[in-house]
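In this note's numbering, the protein residues as written are 279 to 768.
Here is the structure we will look at.
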Ligand code: NAD
């Protein structure tokens, strides 16, 4: 399949269009060709979004915006199985997860569709009578949405849904490592009947992102990806004073206290790191375990990790898929080698996974290091793979100190049956998203985002609408009083 760009409601390719391959990480086959947008095509996409904002979308009622978004959600839900197969083929995430994510994405469009006609401002009582003061919320304009490869549809919905509901038009740039579902999704935009140019998709490598972010004709940038690129984007956008939302990486502590329900905590720790093959920003990659339960937790986790079923990500029985692409595979293997060199004890995995059906895939065994120190590279760098570092701790104070001794602040897990401890530790950990006795659970109603190097701004919840809006205050004086500052009184 050879794809085109989606610009101004048309499927576009140039006479000298360059393409790059979509590679299936399970069998290394090239299964689609994706256009590498030129700078000119990026400018066209921004122009189309600008035009659609001024002539159509900013004049479309919230009710109508919501209706179109609900239609788009219907189309995505009806096609969830096919979309899940495409996403799994693109990034190796197991089909049971990609299918769930299609429904989560549809949920996001519905959530914000319901909000699109309720974007009220405020009326402010002033000190003087007969002066009316009110503020309106207004869409920022053209939003650039840049996403990562690990969950293209879910990550996009966190941005696109509030942006459209707020009244922004958008140019989307998916990752060059997994672009296909975003292009397929544009077909739903078309079928739902959105005005041309409200949603545009340009694909390609980092240059496409740079052209978008550096444009002075863009009013907002929302980015999901690595902290290094996030810094670059913040600085590029900062030159134009374009506001940004950054959803970046994590090195999240998952803390098991001695009072925890051990069965639940083991499952939570396992899901926290081996779900999505560890390729998730919220991976609970640092497992802090209190000393009295340390050995039993390590033992049970190692046994469970060894039993995880690896296989074709399209097979519903497969529990863990591949690494998403070759550079990612090489990077994770490199960190594993370094971890062993730093003195952590390898308790499970640590190698490329082999066996029947795994020969060509970018599989890494579920890997566990025990007796890790929080200063080791394993505990400091985001690995973004199926690698768990287990760190013992003595008491609550030392657990909190280690949990917070990191550059990141995206998520944290707490396993305890002591409610006071749950509340104390939730308050003390520096993370935008804290789970107690659960992990990797998400809800559209609740805000999501990080502290420190994990970024700023929030996605999901009604608060995310404010990422795409600005405010206009209007003061009307009908008191009849003159306010001449130069008048001579008395
Ligand atoms: P990445 O930063 O390498 O790339 C992300 C996107 O940015 C891609 O589309 C890429 O083409 C584009 N890009 C690269 N350089 C750019 C530039 N200078 N200007 C504009 N765009 C540019 O990240 P990745 O490898 O695709 O994804 C993995 C990272 O994403 C991890 O750090 C992970 O934690 C993070 N992530 C965060 C969240 C979250 O919600 N916080 C969710 C998923 C992934």
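Ideal placement from N, C-alpha and C gives every residue a C-beta, glycine not left out.
- The alpha carbon of residue 419 has as its nearest neighbour, out of 393, 399 and 494, the alpha carbon of 494.
- Assigned with DSSP and collapsed to three states, residue 405 falls in coil, not helix or strand.
- If you look at residue 605, you'll find it in the alpha helix (DSSP H) that goes 604 to 620.
- Listed in chain order, the non-local C-beta contacts of residue 346 below 7 Å within the same chain comprise 470, 471 and 472, local neighbours out to five positions each way being set aside.
- Counting the other Cβ atoms within 10 Å of the Cβ of residue 585 gives fewer than 16, which makes it exposed.
- The segment 631 to 645 makes contact with the segment 589 to 601; the number of CB pairs closer than 8 Å reaches 3 or more.
- Nearest Cα to residue 631 within the set 589, 670, 621 and 612: 589.
- Between residue 672 and residue 416, the CB-CB gap reaches or exceeds 9 Å.
- Across the set 425, 344 and 365, the C-alpha of 344 shows the shortest separation from the C-alpha of residue 386.
- Residue pairing by DSSP places residue 411 opposite 753 in a beta bridge.
- In the displayed model, residue 334 falls within coil according to three-state DSSP, outside both helix and strand.
- A direct Cα-to-Cα measurement between residue 628 and residue 700 gives close to 33 Å.
- Here the segment 391 to 403 does not lie against the segment 447 to 457, with fewer than 3 beta-carbon pairs under 8 Å apart.
- The straight-line gap separating the alpha-carbon atoms of residue 725 and residue 759 is approximately 45 Å.
- Put simply, the segment 477 to 485 does not touch the segment 356 to 376. Fewer than three CB pairs are less than 8 Å apart.
- Here the segment 283 to 290 makes no contact with the segment 403 to 413; the two share fewer than three CB pairs at distances below 8 Å.
- Taken from the Cβ of residue 376, every heavy atom of ligand 1 lies 8 Å or farther away.
- Secondary structure note for residue 568: its beta strand (DSSP E) is the uninterrupted segment 564 to 568.
- Residue 692 and residue 556 have their C-alpha atoms roughly 19 Å apart.
- In this structure, residue 436 sits away from residue 662, with a CB-CB distance that is not shorter than 9 Å.
- Per the DSSP secondary-structure output, residue 663 pairs with nothing in a beta bridge.
- Excluding residues up to 5 positions away in sequence, 717 lie with their Cβ nearer than 6 Å to the Cβ of residue 546 in the same chain.
- With a cutoff of 9 Å on beta-carbon distance, residue 728 and residue 687 are scored as near each other.
- By the neighbour-count criterion, in which a residue is buried when 16 or more other Cβ atoms sit within 10 angstroms of its Cβ, residue 402 is exposed.
- Rounded to the nearest angstrom, the gap between the Cα atoms of residue 508 and residue 526 is 7 Å.
- Judged by DSSP secondary structure, residue 488 falls within the alpha helix (DSSP H) whose first and last residues are 484 to 491.
- Between the segment 308 to 326 and the segment 481 to 488, the count of C-beta pairs closer than 8 Å reaches three or more; the two stretches touch.
- The segment 569 to 578 makes contact with the segment 530 to 542; the number of CB pairs closer than 8 Å reaches 3 or more.
- Under DSSP, the beta-bridge partners assigned to residue 500 are 423 and 523.
- Of 399, 442, 280 and 529, the smallest CA-CA separation from residue 707 is found for 529.
- With a cutoff of 8 Å, residue 486 counts as near ligand 1, since its C-beta is closer than that to a heavy atom of the ligand.
- Scanning its chain for C-beta atoms nearer than 8 Å, with the 5 sequence neighbours on each side dropped, one finds around residue 611 the residues 630 and 642, in chain order.
- Runs of the alpha helix (DSSP H) spanning 4 or more residues and lying entirely within the segment 689 to 720 occur at 697 to 706, in chain order.
- Residue 514 and residue 443 have their C-alpha atoms spaced approximately 27 Å apart.
- Looking at the DSSP output, residue 289 bridges to 284.
- 9 Å or more divides the Cβ of residue 548 from the Cβ of residue 680.
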